[in-house]
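Trainee: This is the structure I have questions about; it appears just below.
2 protein chains.
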Amino acid sequence: MRQRADGSGTADQRREQMLRAALEVIVERGYPDTRIADVAQRAGTSPALVIYYFKTKDQLLTEAIRLSEDTWYATGTSRVAAIDTAAGRLEELIAMSCLPEEDDADAPNTSWLLWLDLWTQAARHPEVAGVRQKFDERWRDTITSLVVEGQEAGEFGPVSPADFAVTLSALLDGFAIQIALEDPTVDAGRAFELTMRFAAGELGFTWVPRHRAGRQADVGQRLAGVGAVRNGARVDR
Amino acid sequence: MRQRADGSGTADQRREQMLRAALEVIVERGYPDTRIADVAQRAGTSPALVIYYFKTKDQLLTEAIRLSEDTWYATGTSRVAAIDTAAGRLEELIAMSCLPEEDDADAPNTSWLLWLDLWTQAARHPEVAGVRQKFDERWRDTITSLVVEGQEAGEFGPVSPADFAVTLSALLDGFAIQIALEDPTVDAGRAFELTMRFAAGELGFTWVPRHRAGRQADVGQRLAGVGAVRNGARVDR
DNA sequence: TCAGTTTGACTGAATGTTCAGTCTAGAAAC
DNA sequence: GTTTCTAGACTGAACATTCAGTCAAACTGA
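Heads up: the sequence lines are chains A and B, in that order. The first sequence begins at 33 in the numbering used here and counts up by one. The second sequence begins at 33 in the numbering used here and counts up by one.
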């Protein structure tokens, strides 16, 4: 609403700027070691101002994580919605939790590290637990209805959508850990491939990895072609 | 080696006492919020003594987590070794990461919460990262060789043991999160069942849950019969 | 056997640092 | 002139770690 003299923008912009700063710091230093002073510095303001906007440190961090999850989900599902086959949509869904986003300047790269912090905090802080719970439910629901759609379209076999959703999301979470911790034996590409194989086997559609020798090429392709819809999933049941 | 007058035992016992105390506190308060004073109090000593034994707080906590993982793995695998079919061994392996241990007084219940903390710390502290890395490798190797054994015995079909191990361990980690955070839709029993179904499907053996209506009963059985070997896995390929 | 010495276990009281959150007051917008 | 923002300086509490010793068991040598 208000335009500051120095061009720093409205109060809302100020808030978001701080939230983004907070996210960066959380990813770097971890949730508990994130200091208000760090966030303030990165946002180019004073600690006092940060507290002025967010009553407490916890509120700031919780809101930051919520923002991150929400934007991640929103951009991901919008990409998903543009795909016409259920199998393709599922592939995109899996890609969005395995393969790195192109890091757009205005979309803070949802780091898997953030998830680790989210889980750990959720264990002890009810406030955060609520955020995670909702986020997880939404995620599983998304998978569930995607499966139902695929079944109605005849693309997928008759498995229990709920069971499949629970299992797939667990698998993705597990791989997220490996990716976040940069496990040498499980990089993002392998996680993606194994997950796709699981999904294909379980739901009964055939899937062939596009670039046999090129997981990196796959990632590169994501980075290069923004609008290019991945169409490797072939349905033939 | 030395016996104290008050019966507090040798230095080694002291150390272990502190490590166990540390584990309890970590589970309760979380890794970063664990204070030396807490550990000292629970071990019935002074903060200074804790530092006397473990140079720093980090060393104490890292060692505590290592101890926990090692005893968990050791007791689990010894149970596994007593089973004669590969499918049965696999089931026990899965049970040990899904279903709660009987909480023996001298074996601190490996809480899944500990894993969350382990992962989060591993992300930022190389020392901890090493511990996790080794632990994970060992775990996947265990699964891999179990699969190979099963294949040689003709119990399992011809899947890639390495791929299966990576996928299964990711799935288990993912479920561990849900269990740790007490997700209402994914309790330990359901996680166990879904994981077993995945394993059975993937490896090609048939598996029927023992107590259809009784996941809880299943856990209860574990709690009751210590030596009773679970023998629900039937191989028939 | 026993004074003297060493050594490891242990403690209470500092010390110093790190931070979240407050206070005061000035600048900008309306 | 009043409300909304903003920052610098500050406060108070929490905590890890240090230090300067105490205490008792174990060893040593006569």
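C-beta atoms are modelled at their ideal positions from N, C-alpha and C, and glycine is treated no differently. Remember, predicted model here, so these are calculated numbers, not experimental data.
1) Leaving out five residues on either side along the sequence, give the residues of the same chain with a beta carbon under 7 Å from the beta carbon of LEU146 (chain B).
2) So is ASP215 (chain A) buried or exposed if we call it buried at 16+ other beta carbons inside 10 Å?
3) How about GLY182 (chain B): is its Cβ closer than 7 Å to a heavy atom in the ligand FAD?
4) CA-CA distance, ILE68 (chain B) and VAL112 (chain B)?
5) If you draw a straight line from the C-alpha of GLY236 (chain A) to the C-alpha of GLU123 (chain B), how long is it?
6) Leaving out five residues on either side along the sequence, give the residues of the same chain with a beta carbon under 8 Å from the beta carbon of ALA212 (chain A).
7) Taking three-plus beta-carbon pairs below 8 Å as touching, is the segment 153-161 of chain B in contact with the segment 171-191 of chain B?
8) Check each candidate in A:VAL198, A:THR152 and A:VAL180 and name the one with the smallest Cα separation from ALA119 (chain A).
9) Does any CB atom of chain A fall closer than 8 Å to the CB of ALA145 (chain B)?
10) Just the Cα atoms here: how many angstroms apart are GLU48 (chain B) and GLU234 (chain A)?
11) Would you mind reading off the limits of the alpha helix (DSSP H) that contains SER201 (chain B)?
12) Within its chain, find whatever has a CB closer than 8 Å to the CB of ARG229 (chain B); leave out the 5 residues flanking it on each side and keep chain order.
13) Any beta carbon from chain A within less than 8 Å of PHE224 (chain B)'s own beta carbon?
14) Can you tell me whether TYR84 (chain A) is buried or exposed? The criterion is at least 16 other CB atoms within 10 Å of its CB, across all chains shown.
15) Could you give the C-beta distance for THR152 (chain A) and GLY62 (chain B), rounded to a whole number, given that I count them as a contact under 8 Å?
16) Can you give me the C-alpha to C-alpha distance between THR42 (chain B) and LEU81 (chain B), rounded to a whole angstrom?
17) Can you tell me whether THR238 (chain A) is helix, strand or coil according to DSSP?
18) Between the alpha carbons of GLU56 (chain B) and LEU125 (chain B), how many angstroms are there, rounded?
19) For ARG164 (chain A), collect the residues of the same chain with a Cβ closer than 6 Å to its Cβ; drop the 5 residues on either side in sequence, then sort them by chain order.
20) Check the Cβ of VAL218 (chain A) against every Cβ in chain B and list those closer than 7 Å, keeping chain order.
21) Using the beta-carbon of each residue, which ones in chain B are nearer than 9 Å to GLY120 (chain A)?
22) Any beta carbon of chain A sitting closer than 8 Å to that of GLN49 (chain B)?
23) So which residues on chain B does GLN210 (chain A) lean against when the C-beta distance must stay under 9 Å?
24) TRP151 (chain A) versus chain B: which residues are under 9 Å apart at the beta carbon?
Mentor: In short:
1) ILE58, VAL59, ILE97 and SER100
2) buried
3) Absence of the ligand FAD is noted for the structure shown, with no ligands found whatsoever.
4) 36 Å
5) 25 Å
6) SER143, TRP144, LEU145, TRP147 and LEU148
7) no
8) A:VAL180
9) A quick correction: the sequence has Leu, not Ala, at residue 145 (chain B). Yes, LEU145 (chain B) counts as interfacial toward chain A.
10) 46 Å
11) 193-212
12) TRP239
13) no
14) exposed
15) 7 Å
16) 14 Å
17) strand
18) 24 Å
19) LEU150 and ALA154
20) VAL198
21) The contacting residues do not exist; GLY120 (chain A) stays about 22 Å from chain B at best.
22) no
23) ASP168, VAL198, SER201, ALA202 and ASP205
24) LEU148, TRP151, THR152, ILE209, ALA212 and LEU213
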